[in-house]
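This report concerns only the one structure given below.
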Amino acid sequence: MFDISPTEWTAIQLSLRVATVATLVATPLGIALAWLLARRDFWGKPVVDAAIHLPLVLPPVVTGYLLLLTFGRRGLVGAWLADHLGIVFAFRWTGAALACGIMAFPLLVRPIRLSIEAVDRRLEQAAGTLGAAPWRVFLTVTLPLALPGVLAGMVLGFAKAIGEFGATITFVSNIPGETQTISSAIYSLIQTPDGDTAALRLVVVSIVIAMAALIASEWFARRALRRLHGN
Amino acid sequence: MLRVDVSRQLGEFSLQASFASEGRVTGLFGASGSGKTSLINMIAGLLRPDRGAIAIDGETLDDTAERVHVPMHRRRIGYVFQDARLFPHLDVRQNLDYGRRMNRLADDPAQRARVTDLLDIGHLLDRRPGQLSGGERQRVALGRALLAQPRLLLLDEPLGSLDEERKVEILPYLVRLRDEAGVPMVYVSHDADEMRQLATSIVMLGRGRVTAFGGTEVLPTTP
Numbered sequence: 070m071f072d073i074s075p076t077e078w079t080a081i082q083l084s085l086r087v088a089t090v091a092t093l094v095a096t097p098l099g100i101a102l103a104w105l106l107a108r109r110d111f112w113g114k115p116v117v118d119a120a121i122h123l124p125l126v127l128p129p130v131v132t133g134y135l136l137l138l139t140f141g142r143r144g145l146v147g148a149w150l151a152d153h154l155g156i157v158f159a160f161r162w163t164g165a166a167l168a169c170g171i172m173a174f175p176l177l178v179r180p181i182r183l184s185i186e187a188v189d190r191r192l193e194q195a196a197g198t199l200g201a202a203p204w205r206v207f208l209t210v211t212l213p214l215a216l217p218g219v220l221a222g223m224v225l226g227f228a229k230a231i232g233e234f235g236a237t238i239t240f241v242s243n244i245p246g247e248t249q250t251i252s253s254a255i256y257s258l259i260q261t262p263d264g265d266t267a268a269l270r271l272v273v274v275s276i277v278i279a280m281a282a283l284i285a286s287e288w289f290a291r292r293a294l295r296r297l298h299g300n
Numbered sequence: 004m005l006r007v008d009v010s011r012q013l014g015e016f017s018l019q020a021s022f023a024s025e026g027r028v029t030g031l032f033g034a035s036g037s038g039k040t041s042l043i044n045m046i047a048g049l050l051r052p053d054r055g056a057i058a059i060d061g062e063t064l065d066d067t068a069e070r071v072h073v074p075m076h077r078r079r080i081g082y083v084f085q086d087a088r089l090f091p092h093l094d095v096r097q098n099l100d101y102g103r104r105m106n107r108l109a110d111d112p113a114q115r116a117r118v119t120d121l122l123d124i125g126h127l128l129d130r131r132p133g134q135l136s137g138g139e140r141q142r143v144a145l146g147r148a149l150l151a152q153p154r155l156l157l158l159d160e161p162l163g164s165l166d167e168e169r170k171v172e173i174l175p176y177l178v179r180l181r182d183e184a185g186v187p188m189v190y191v192s193h194d195a196d197e198m199r200q201l202a203t204s205i206v207m208l209g210r211g212r213v214t215a216f217g218g219t220e221v222l223p224t225t226p
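Residue numbers (this note's numbering), protein chains in the order written: chain A, 70 to 300; chain B, 4 to 226.
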């Protein structure tokens, strides 16, 4: 039962890589957008807010198809990126990371936004009177105080990214060794005769990864909270 | 020399104040709602005047006619808030050092020692703000503002959130600050006794207007 095959290992490693890259790339973007949404009023803010949340409510297959149209080899952005920068998303693991990052984005942004909104603006004012320029106020006061939310967002985003299926398989298909993540490997296995045991193994693996992520985030959140309450 | 001549509409409330003060401690005295905090927020740059000008020692900080508005972080004006506003994620030492880092000033252990001695906070350096009493918090906030080396220090009812006993504990530190720190201060309070002990000149505010200006003799006598 616990004899994990090389194909399964590849799927596990790929899933971890895809989810990690998606989370790490999405986090700085997510922090910037969360700050904009929490602290600034600008024209079109409701549209930006809705666009971020779109992957949450659209059928994943729609998001995947839109990605294929945009970032595919002949897609508007995809063709340009391939010709000018040599970056190809279609049917590559990077495409899986892109799909997972976009699907995870709303879940990543929301806790960060809430925790930035919860930071006492009077502390930011105090930092300003002590000579801190706005960007340094952000780095030395706002961001450290919002850290629990940032970690929560990262864990949620990671969990979503590692479980993503619909958009990924639509955009980059299900190629073993390149785009076959745990989810798509399970999907293939349960459609194969005698694939049940292998599928179950991967199910156990995904439960373990999810549990580890949740426990780690809880631990970080507790540490961060202790810091914030100033004792 | 601090020159203020500003007006600002805040909802139903209109603030229109003009004064110039050379005193070591300018007391802004008035009942709550008289516009004291709005006025020092304008001096600090937290609030912009609708019209008017603010200058310190001849340097213009605000002038609506000339479209000048120096952002708060470039004013070098310290601000001690009623609620201290220490950074909860930093210990006392880091709170004290914050202004020096942000202003990119050279480390000055002598100055730091002078300020921590003046305020008796040397034994608190490793604590977090959450572990301080109200009076200690306020002393650390004073030290933090001073160590940023401001050219003017604004104090908004720094004793306002403390009980009588604590007020008596902090007041001598404020007197020492006035006599030894060499930084001009604007002190906001509605307490005439506090004013008499600290201020060298008084700006009296009532309903958003300056109603009197002069020495401590303009303060109302409490029976």
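Using N, Cα and C, we set each Cβ at its ideal position, and we do this for glycine too.
Practice item. Report yes or no: do the stretch 192 to 208 of chain B and the stretch 33 to 43 of chain B share at least 3 C-beta pairs separated by less than 8 angstroms? Key: They touch, by the three-pair rule.
Review point. Under 8 angstroms, do Leu271(A) and Ala80(A) count as touching if we go by C-beta distance?
Key: With respect to Ala80(A), Leu271(A) sits close: the two C-beta atoms are nearer than 8 angstroms.
Practice item. Report the option in Trp149(A), Phe140(A) and Asp189(A) whose CA atom is closest to the CA atom of Pro91(B). Key: Looking at the Cα atoms, Asp189(A) is the closest of the given residues.
Exercise for review: Taking 8 angstroms as the cut-off, decide whether the C-beta atoms of Gly133(A) and Phe240(A) are in contact.
Suggested key: Taking 8 angstroms as the Cβ cut-off, Gly133(A) and Phe240(A) qualify as a contacting pair.
Exercise for review: Below 8 angstroms on the Cβ atoms is my guess for Thr29(B) versus Ala202(B); work out the distance and round it to an integer in Å.
Suggested key: Between Thr29(B) and Ala202(B), the beta carbon gap of about 7 angstroms places them in contact (Cβ cut-off 8 angstroms).
Check your understanding: Under the rule that 16 or more other beta-carbon atoms within 10 Å means buried, what is Ile244(A), buried or exposed?
Key -> With fewer than 16 other Cβ atoms within 10 Å, it is exposed.
Check your understanding: Are the C-beta of Thr198(A) and some C-beta of chain C separated by less than 8 angstroms?
Key -> Included in the structure are the protein chains A and B, with no chain C among them.
Review point. Where Leu220(A) and Ala202(A) are concerned, what is the direct C-alpha to C-alpha distance, given to the nearest angstrom?
Key: Taking the Cα positions, Leu220(A) is about 25 angstroms away from Ala202(A).
Exercise for review: Kindly indicate if chain B contains any beta-carbon less than 8 angstroms away from that of Pro213(A).
Suggested key: With its beta carbon less than 8 angstroms from one in chain B, Pro213(A) belongs to the interface.
Check your understanding: With contact counted as at least three CB pairs below 8 angstroms, one residue from each stretch, are the stretch 166 to 185 of chain A and the stretch 102 to 110 of chain A in contact?
Key -> The stretch 166 to 185 of chain A is in contact with the stretch 102 to 110 of chain A.
Check your understanding: Quick one: what's got a C-beta closer than 7 angstroms to Glu172(B)'s C-beta in the same chain, skipping five residues either side?
Key -> Excluding sequence neighbours, Glu172(B) sits near Gly138.
Review point. Is there at least one Cβ from chain A nearer than 8 angstroms to Tyr82(B)'s Cβ?
Key: Chain A contact via Cβ: present.
Check your understanding: So, Met45(B) versus Val83(B), is the Cβ gap smaller than 8 angstroms?
Key -> When the beta-carbon positions are compared, Met45(B) and Val83(B) stay at least 8 angstroms from each other.
Review point. Counting along the chain, where does the alpha helix (DSSP H) carrying Phe174(A) start and finish?
Key: Unbroken alpha helix (DSSP H) run through Phe174(A): Trp162 to Ala187.
**Study point:** Cβ pair Ala91(A), Ala166(A) closer than 8 angstroms
**Key:** For Ala91(A) and Ala166(A), yes; Cβs fall inside 8 angstroms.
Check your understanding: When the Cα atoms are used, what is the spatial distance from Trp30(A) to Phe140(A)?
Key -> This structure cannot speak to residue 30(A), because chain A is shown only from 70 to 300.
Practice item. Kindly say whether Met105(B), judged by its beta-carbon, lies nearer than 8 angstroms to any beta-carbon of chain A. Key: Closer than 8 angstroms to the CB of Met105(B) there is at least one CB belonging to chain A.
Check your understanding: Within this structure, are the beta carbons of Arg140(B) and Gly102(B) separated by less than 8 angstroms?
Key -> Contact: no.
Check your understanding: Do the stretch 5 to 20 of chain B and the stretch 42 to 62 of chain B touch if we need at least three Cβ pairs shorter than 8 angstroms?
Key -> By the Cβ rule, the stretch 5 to 20 of chain B counts as touching the stretch 42 to 62 of chain B, because three or more pairs are nearer than 8 angstroms.
Exercise for review: Counting only the same chain and skipping the five closest in sequence on each side, list residues whose C-beta sits under 7 angstroms from that of Leu222(B).
Suggested key: Hits under 7 angstroms: Phe32, Ala195, Met198, Arg199 and Ile205.
Exercise for review: To the nearest angstrom, report how far apart Asn300(A) and Ala151(B) are at their CA atoms.
Suggested key: Any reading at Asn300(A) must be qualified, since the residue scores a pLDDT of 49, below 50, and its modelled position is unreliable; no value is offered.
Review point. Do the CB positions of Leu180(B) and Gly81(B) come within less than 8 angstroms of each other?
Key: It is not a contact, given that the beta carbons lie outside the stated cut-off.
Review point. From this set, Leu135(A), Asp265(A), Thr266(A) and Glu233(A), which residue's C-alpha is nearest Thr250(A)'s C-alpha?
Key: Taking only the C-alpha atoms, the option nearest Thr250(A) is Glu233(A).
Exercise for review: Report yes if the C-beta distance between Ala95(A) and Ala168(A) is below 8 angstroms; otherwise report no.
Suggested key: With a cutoff of 8 angstroms on beta-carbon distance, Ala95(A) and Ala168(A) are scored as not near each other.
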